[in-house]
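Colleague: Sharing a structure with you now.
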Amino acid sequence: IDYVHGDEVVFELGKQTGNLGFYLPAMAKTDLFKTVILDGALPRKTFSMGEAHEKRFYLEARRIE
11 IDYVHGDEVV FELGKQTGNL GFYLPAMAKT DLFKTVILDG ALPRKTFSMG
61 EAHEKRFYLE ARRIE
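Take a look at the structure:
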């Protein structure tokens, strides 16, 4: 079980045999602080700044270092 970014990733992984993908709408950035105050810390990878393709290159760059 993992949280992935990007519509295409969810659709492609979900189509594979034995897999299941849940598509959830993005949380509005304006809701971040209110949600944390009312509900507590968010699970890992719940809130994201940027698009999936931007995150991919960032993660690859960190791994190279």
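Residue numbers are given in the numbering used here: position 45 of the sequence shown equals residue 55, and the series is strictly consecutive.
Using N, Cα and C, we set each Cβ at its ideal position, and we do this for glycine too.
(1) Counting only beta-carbon separations shorter than 8 Å, does residue 27 have a partner in chain B?
(2) From residue 43 to residue 26, what does the alpha carbon distance come to, in whole angstroms?
(3) For residue 38, which option in 21, 56, 22 has the closest C-alpha, if you only look at C-alpha atoms?
(4) Alpha carbon to alpha carbon, how far is residue 30 from residue 16? Give it in angstroms, no decimals.
Modeller: Result, derived from the coordinates:
(1) The structure shown contains no chain B; it is built from a single protein chain.
(2) What you label residue 43 is simply residue 33 of the sequence shown in a count that begins at 1. What you label residue 26 is simply residue 16 of the sequence shown in a count that begins at 1. So the two alpha carbons sit approximately 36 Å from each other.
(3) Counted from its first residue, the sequence shown places residue 38 at position 28. The candidate whose alpha carbon is nearest that of residue 38 is 56.
(4) On the sequence shown, position 6 is the one that residue 16 refers to. On the sequence shown, position 20 is the one that residue 30 refers to. Looking at the two C-alpha atoms, the distance is approximately 15 Å.
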